[in-house]
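To get the numbering used here, take the position in the sequence shown, counting from 1, and add 55. Data block below; observations after.
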Amino acid sequence: MKIAEKKEIEPKKPEVPKKKLEKGPTKKRASIGKGSILVEPIKRRSFFSWLTLAWVAFTAATGTFFGMMLRFMFPNVLFEPKQTFKAGYPDDYTIGEVTTSLKEKYGVWIIRDTEHIYALSVVCTHLGCTPNWLQNERKFKCPCHGSGFRKSGINFEGPAPRPLERYKIVLADDGQILIDKTKKFAYEKGQWSDSESYLVV
């Protein structure tokens, strides 16, 4: 009688449920030393956003740098007003009045009295500020430190050490007043008596 051979029955492997693959990036575990951390992959859109931001920042910084370099190499040039210019005819000026219309453009006041016309500098003799003509008070008043000058240019109050300067004033060939700012006349040096420091009318 034959003895039936025992068939070896292989144990069944436990079924492992299949995980569904999720779309999009997944978190991966990266080992660092003994421990591990979860690393989330950078999304494509996020990467390009950061790249664009970095490029804009770099471009702005570069533009600012070159702008400063150009400003250093080519600084703003202050153009001085004309040193010699015509200021109209003597009859254009009223006796006893100070003409302030040339202050901003040419840096002079023109004053006419009963016998003369003269051109005063608008620079205070204290620290170089620009006084203002106060019509009601009939004086030039410096806003910086309070120096005061009479209509003639003589200083009478405040720290200004000397009167305002006069400029050369003559009649041109066409009868107009010609003012030359390259030549100045100082009262304290006795130069106001020079015939070119005033115009006889």
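Ideal placement from N, C-alpha and C gives every residue a C-beta, glycine not left out.
- Put simply, the backbone Cα of histidine 181 is about 30 Å away from that of valine 255.
- When C-alpha distances from tyrosine 144 are compared across Trp164, Trp247, Gln138 and Ile172, the shortest belongs to Ile172.
- Look at tyrosine 222 here: in three-state DSSP terms it is strand.
- If you draw a 10 Å sphere on the C-beta of tryptophan 110, you find fewer than 16 other C-beta atoms in it, and that means exposed.
- For the pair threonine 237 and phenylalanine 211, the Cα-to-Cα distance works out to about 26 Å.
- Taking all protein chains shown into account, glycine 118 has fewer than 16 neighbouring C-beta atoms within 10 Å of its C-beta and is therefore exposed.
- Excluding residues up to 5 positions away in sequence, Leu233, Ile234, Asp235, Lys236 and Thr237 lie with their Cβ nearer than 8 Å to the Cβ of threonine 139 in the same chain.
- Per DSSP, reduced to three states, the secondary structure at valine 111 is helical.
- Here glycine 208 really is in contact with proline 218; their C-beta atoms are around 5 Å apart, less than 8 Å.
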